[in-house]
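Residue numbers for the sequence shown follow numbering that gives the first Met the number 0, so the first one is 0 and each next one is one higher.
Idealized CB from N, CA, C, for every residue including glycine.
First the structure, in the form of structure tokens, and then the observations on it.
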Amino acid sequence: MNKTKLFKITALIMAAFVMNTIAYAQQSTIKSRWSIKLSGMPGYNTSVGKKKMGFIKTEVNYGFTNFFEIGSYVGVQEGLFSKPIQGGVETQKKIFPIFGLGANVHLLPLIVKNPNLRFDFYLAGKVGGRHVSGDVNNSGLSWNYFAGIGLSAYLLKHIGVFTEYGYEPQINPSIKTIEKPKIFWGIAFKF
């Protein structure tokens, strides 16, 4: 057998081994698993002249069963707030803390009985708050919740990417907001 043919066979075997290892990268179930998610987005101006406010958030979850995990999150967000002044209103940009509790119900373990899946598909729910200090409108403590779906893909054994899509309305009736769908994405770690 010549060297070129031996090299091709060896490379093909190694590629098959690497692809098999990647396909089973997760190597864990949700039960007794810690997961950490880091997400964020810088503020930016939209094409219609509106300002989207940025945020950064860290979420930690623990799996209590093979399909259910709960956790908490903390972070900071920026927002525009109006402040009454003599003769009008002044807009101020504030940075404020966000915090809350969350739960995820993973659907794939209920359908697929393979504990080594590289993907997570889940229903996500969160209840949290924010605290805006100062003498601006809507200051103080306010509450919100998030209901949506999420998808994680673990590219390596302990590191992946995730996205969550859903609605996050304010619970505080004094805050008038137009509810629009929200999407979060970031990096996920699991141990």
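The residues 162, 163, 164, in chain order, have a CB closer than 8 Å to that of residue 182 in the same chain once the five nearest residues on each side in sequence are set aside. By the neighbour-count criterion, in which a residue is buried when 16 or more other Cβ atoms sit within 10 angstroms of its Cβ, residue 115 is exposed. Non-local beta-carbon contacts of residue 179 in its own chain, meaning distances under 7 Å to residues more than five positions away in sequence, are absent.
As DSSP reads the structure, residue 150 sits in a beta bridge with 120, 162.
When the alpha-carbon of residue 64 is set against those of 87, 35, 108, 40, the nearest one is in 108.
Around the beta carbon of residue 76, 16 or more other beta carbons sit within 10 angstroms, so the residue counts as buried. DSSP places residue 41 outside any alpha helix (DSSP H), giving it a letter other than H or E. A contact between stretches requires three or more CB pairs, one per stretch, nearer than 8 Å, and the segment 80-87 fails this requirement with the segment 97-113.
Around the beta carbon of residue 81, fewer than 16 other beta carbons sit within 10 angstroms, so the residue counts as exposed.
Nearest to residue 185 by C-alpha distance, out of 30, 167, 41, 28, is 41. The beta carbon of residue 134 sits closer than 8 Å to those of 82, all from its chain and outside the five residues before and after it, given in chain order. Of the candidates 51, 32, 57, 29, 57 places its Cα closest to the Cα of residue 38.
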